[in-house]
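Remarks on the structure that follows.
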Amino acid sequence: MKAIQMTAAGGPEVLRPVDMAAPTIAGPGQVRVHVRAAGVNPIDTKIRSRGPFFPDALPIILGLDGAGVVAEVGEAVTGLAPGDEVWYCNGGLGREPGNYAEYTVIDAAVARRKPAGVDFAEAAAGPLVLLTAWEGLFDRAGLQGGQTVLVHAGAGGVGHVAIQLAKWAGARVATTVGTPEKAALVREFGADHVIDYRREDFVAATLAWTGGRGVDVCLDTVGGETFARSVAATAHYGSLITLLEPDTGTAWGEARTRNLKIGFELMLTPLLRALPEARAHQGDILDRCAKLIQRGSLRVHVSRRYPLDEAAAAHAEIERGRVTGKLVLLP
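This is the structure in C-alpha cells:
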C-alpha cells in the first residue's frame, strides 16, 4: 500500500511517500479499514516537528482522523461487516499507525458508523475537532442553554464546530477572528457576535456584549497571552477551558478572585493512557455528532483536499496559520 512515513523529527520534508505491506488483523476484535480520507490536524505538525509521544517509535505514520470502508473483520466482531462505512480517531501518536495510508487496522469498538450523506473527506475531518469541542464545552464546562460562550479562533478546526455545538445547545456565542473572510464564515456557522481581535480588544468587546458581566464559558484554542487575558472576559463563577498549557508566568490571582472553573481539554488522553471507558465515551460522542450532522444541525468545513503524497504541503499550510476549518488527505 501507499503511505506517508515520518522518518525523523523536523520540517515537512521528513514526511516521505513509501510503498509498504498493508497491515493485517492481529486480534479477533479488530477491523481492517480501507482509508478513503485522513484529516490533518495541528497535533500532526507538532508531532512531526518535535517527535512522537512514545520513544523509539520512528518511523511512524501520522494522522489521528480517518474515514473509510471496512475491508475485513476479526472473528469476534459482530457489529460491523465488510463494506460498512466508518469514521474514527485512532493512532498517529507513535504507538499505533495513523491514517496517512491506504489501509489501517483498528479495534472495532473505535470504528463508528460514518454519518449518512456525508462524503469521506468531510467525515475524516471531523472526529478530533468534534471530540475536543464537545468535551471542552459539555464535559469540562457543563455548558447549558441560555448561557453565553466565547470561542477563540472561531474559523479554525475546533472553533467552527464549537460554535455550532454551542448554538445547538441553546447558548449565545461570541467568537474571535482575524480577517473579514473568517468573520463571514463564522456567521455562517451561527456566531451571534464576531470580534476582530486585530482591530479591537477582545476583552472589552466581550464585556460590552455581555453588559459588563463576562461570558459564562470561554473556550480557549489559542493559549499563551490569549488564555491569560481571557480571565477578565469570563464571568464570576464561570468556566475557562483551554486546549493548551498555560504559560508559567500566568497570573492566577484574578481567576481565583472570580472563582473561575479552570479546565484543560486534551482529547488525546484516552489514546495516550489506554483508557477504554474514555474511548467508549468518545465513540458515543461521535455517534451523537453523526445524528446532528445527518439532521443538518452540524457540519465540518473542509477548506482544502490534498492527494496523499502532498501531506508535506498540507503540513506547511497549517503551519502558515491561515487555515479555516480542516485540511484532508485523500489516499
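Mapping of the sequence shown onto this note's numbering: residues 799 to 1129, in sequence order. Each residue gets a CB set at the ideal place from its N, CA and C atoms; glycine is no exception. Since the structure is predicted, the reported quantities are computational estimates derived from the model, not experimental observations.
query: Taking the C-alpha atoms as reference points, what is the distance between D990 and C1016?; result: 15 Å
query: Let me make sure I understand the geometry here. Which of F1000, D842 and W966 has the alpha-carbon closest to that of L948?; result: F1000
query: Taking 6 Å as the limit between beta carbons, can you name the residues of its chain near R938, skipping five residues before and five after?; result: I1039, G1061 and E1063
query: To which residues does DSSP link Y901 through a beta bridge?; result: H832
query: Between which two residues does the beta strand (DSSP E) carrying E1108 extend?; result: Premise fails: E1108 is in no beta strand (DSSP E) and is neither H nor E.
query: By DSSP's criteria, K1124 is part of a beta bridge. Which residues make up the other side?; result: V1100
query: Does the stretch 1110-1122 come within contact of the stretch 1081-1090, defined as at least 3 CB pairs closer than 8 Å?; result: no
query: Applying the criterion that 16 or more other CB atoms from any shown protein chain within 10 Å of the CB defines a buried residue, is K1124 buried or exposed?; result: buried
query: Alpha carbon to alpha carbon, how far is W1050 from G1081?; result: 35 Å
query: Please classify N897 as buried or exposed, where buried requires at least 16 other C-beta atoms within 10 Å of its C-beta.; result: buried
query: What residues in its chain sit with their C-beta under 8 Å from that of D1018, if we drop five residues either side in the sequence?; result: H950, T1024, F1025, S1028, L1038, I1039, T1040, L1041 and L1042
query: Which same chain residues, not among the five before or five after V916, have their C-beta less than 7 Å away from its C-beta?; result: I1091
query: Return the Cβ separation of P1129 and V884 in integer angstroms, given the expectation that the two are a contact with Cβ distance under 8 Å.; result: Incorrect: roughly 15 Å between the Cβ atoms, too far for contact.
query: Flag this pair as touching only if the stretch 860-874 and the stretch 931-946 have three or more C-beta atom pairs under 8 Å; answer yes or no.; result: no
query: Check whether the Cβ atoms of V1100 and A923 lie closer than 8 Å to each other.; result: yes
query: Whole angstroms are fine: how far does the CA of G849 sit from the CA of M804?; result: 9 Å
query: Grab the span of the alpha helix (DSSP H) containing T1024 for me, first residue to last.; result: E1023 to S1028
query: Quick test of the definition: if touching needs 3 or more C-beta pairs under 8 Å, does the stretch 957-965 touch the stretch 981-998?; result: yes
query: With DSSP as the reference, label S847 as helix, strand or coil.; result: helix
query: Look at the Cβ atom of V835, then the Cβ atom of A919, and state whether they are nearer than 8 Å.; result: A quick correction: the sequence has Ala, not Val, at residue 835. Against a cut-off of 8 Å, the Cβ pair of A919 and A835 comes out as a contact.
query: Please confirm whether G872 and G825 have their CB atoms less than 8 Å apart.; result: yes
query: If contacts are defined as beta-carbon pairs under 8 Å, then L862 and L1084 qualify, I think. What distance do you get, rounded to the angstrom?; result: The pair is not a contact, with the Cβ atoms about 13 Å apart (cut-off 8 Å).
query: If the criterion is Cβ atoms closer than 8 Å, does the pair P852 and G889 meet it?; result: Note on identity: in this sequence residue 852 is Phe, with Pro being the wrong assignment. No, these two residues do not count as a Cβ contact at 8 Å.
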